[in-house]
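Have a look at the structure below, then the notes.
In the numbering used here, the protein residues as written are 19 to 452.
Here it is as structure tokens:
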């Protein structure tokens, strides 16, 4: 990866893309530190840092932007949620399914629908956050929490958060258009690394202050982190290769086909989506309750947080079950054995030992179900074990990397490396990939 990056910097066009990407990322990170007018940033941070549910997850993914009470507090999360919803609706609604098969024109219309959905979700999330914070940060003569009247602050914060979310989406689009790889992924990647860097920096501060126990905790944390990263990379590259043989065909005076190839079925073909779905679904009740009840005194909220909240045994079991369910569900959405079988048959291909048509589709479906089971177990382990392990090693380092963050960091890094390699191959410079 580092060799590809160094070689890419030698190409002027690719180097300019990398520098432009860095510039847009710097603009994004500056926006994560500019506070919303009229909001007490310290009161905002105290509330978010104490939240282990939706708000805490949103802040960690955005690189602490929500805890800072910044104008880009929502980050790219409304667009991600909108993309997931539109993809699911594409399977359920025939008209959207037809659009997805219309080529570039259909993709443009689906992208427009996604933008509208992202705006609607940004409005909903901004209102939910404002209502949630308004219930805790009361307006008083001393100016505690909000420094201006609550109704005016609510309007200002809502509009600023919505505008910041759409600006973040625009930055991601520009990085995709002018940079190397997917811009939204880069922004999430940078946000997660920023959160991790903050946690590690706090630990280094303790070490420099003479706390030798923190040094041992940090060493164990780094070893565990490298082992987990290696495990993720190993599974991410694992795949089942289903051999396909194409029969020879004579067209005119030329002979076509006759070659052997394979269909790669990845162990973790679903990526991080099942974890996002599972944790969002389990965090949603806490988010709704935090809007309508006092989280410090309400007995039901306190009971729910203790027994079903983040870190409880019931939560861990539910996360594992939901990840398995969503892994199979997402595989059904993204992998269609019938279409693959039809394409193989139309091109004169067959899987050795399997008859073309329906038997091939059934064979691919059986393999997919078995592979998905291993992928679901892998995601469940990544979602549960690292958090417990990091908490056992050091409670102060738990927030450095979440389960979702671990997968996203590795996936985006591998995607960026592949994009660099692909662009260098297009340039066809001699000796670059030796």
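C-beta: ideal position from N, C-alpha, C; glycine also. These figures come from a predicted structure and were not determined experimentally.
Residue 371 sits exposed, since fewer than 16 C-beta atoms from the chains shown fall within 10 Å of its C-beta. Between the alpha carbons of residue 364 and residue 115 lies a gap of roughly 22 Å. Assigned with DSSP and collapsed to three states, residue 182 falls in helix. With respect to residue 99, residue 50 sits apart: the two C-beta atoms are not nearer than 8 Å.
Going by C-alpha positions, residue 141 is about 49 Å away from residue 262. Residue 263: member of the beta strand (DSSP E) spanning 257-264, first to last residue. Inter-residue distance for residue 95 and residue 139 is about 9 Å (C-alpha atoms, whole angstroms). In the DSSP assignment, residue 281 falls within the beta strand (DSSP E) that extends over 278-284. Relative to residue 397, the option among 118, 251, 48 whose CA is nearest is 251.
In this model, residue 395 and residue 342 are separated by some 7 Å (Cα to Cα). Judged by DSSP in its simplified three-state form, residue 80 adopts coil rather than helix or strand.
Contact between residue 288 and residue 331 does not hold, since their C-beta atoms are separated by about 25 Å, which reaches or exceeds 8 Å. Per DSSP, the beta-bridge partners of residue 368 are 263.
If the five residues before and after residue 46 are omitted, its C-beta is found closer than 8 Å to the C-beta atoms of 90, 186, 189, 205, 208, all from its own chain and listed in chain order. For residue 35, the enclosing alpha helix (DSSP H) covers residues 30-49. Burial is judged here by how many other beta carbons sit within 10 angstroms of a residue's own beta carbon; residue 97 has at least 16 and is buried. Cα atoms of residue 174 and residue 183: separation of roughly 14 Å, rounded to the nearest angstrom. Below 8 Å, too few C-beta pairs join the stretch 101-119 and the stretch 210-218 to call them touching: fewer than three.
By the CB criterion at 8 Å, residue 444 and residue 26 fall outside the cutoff. Listed in chain order, the non-local C-beta contacts of residue 107 below 8 Å within the same chain comprise 114, local neighbours out to five positions each way being set aside. With a cutoff of 8 Å on beta-carbon distance, residue 35 and residue 197 are scored as near each other. By the Cβ-count criterion, residue 382 is buried, with 16 or more other Cβ atoms from all chains shown falling within 10 Å of its own Cβ. Inter-residue distance for residue 354 and residue 130 is about 26 Å (C-alpha atoms, whole angstroms). Residue state for residue 88 is assigned as strand, using DSSP reduced to three classes. Here the alpha carbons of residue 54 and residue 300 stand approximately 29 Å from one another. Looking at 335, 386, 43, the one whose alpha-carbon comes closest to that of residue 194 is 43. Distance from the CA of residue 424 to the CA of residue 214, rounded to the nearest whole angstrom, comes to 10 Å.
Residue 112 is not bridged by DSSP to any residue. DSSP places residue 335 in the uninterrupted alpha helix (DSSP H) bounded by 331-352. Setting aside the 5 residues that flank it on each side, residue 199 is surrounded in the same chain by 433, 434, 437, each with a C-beta closer than 7 Å to its C-beta; the list follows chain order. If the five residues before and after residue 351 are omitted, its C-beta is found closer than 6 Å to the C-beta atoms of 109, all from its own chain and listed in chain order. Residue burial is scored here from C-beta neighbours: residue 430 has at least 16 other C-beta atoms within 10 angstroms and is therefore classed as buried. Around the C-beta of residue 86, 16 or more other C-beta atoms lie within 10 Å, and the residue is accordingly described as buried. With fewer than 16 other Cβ atoms from the protein chains shown falling within 10 Å of its own Cβ, residue 111 counts as exposed. According to DSSP, residue pairing for residue 53 in a beta bridge involves 88.
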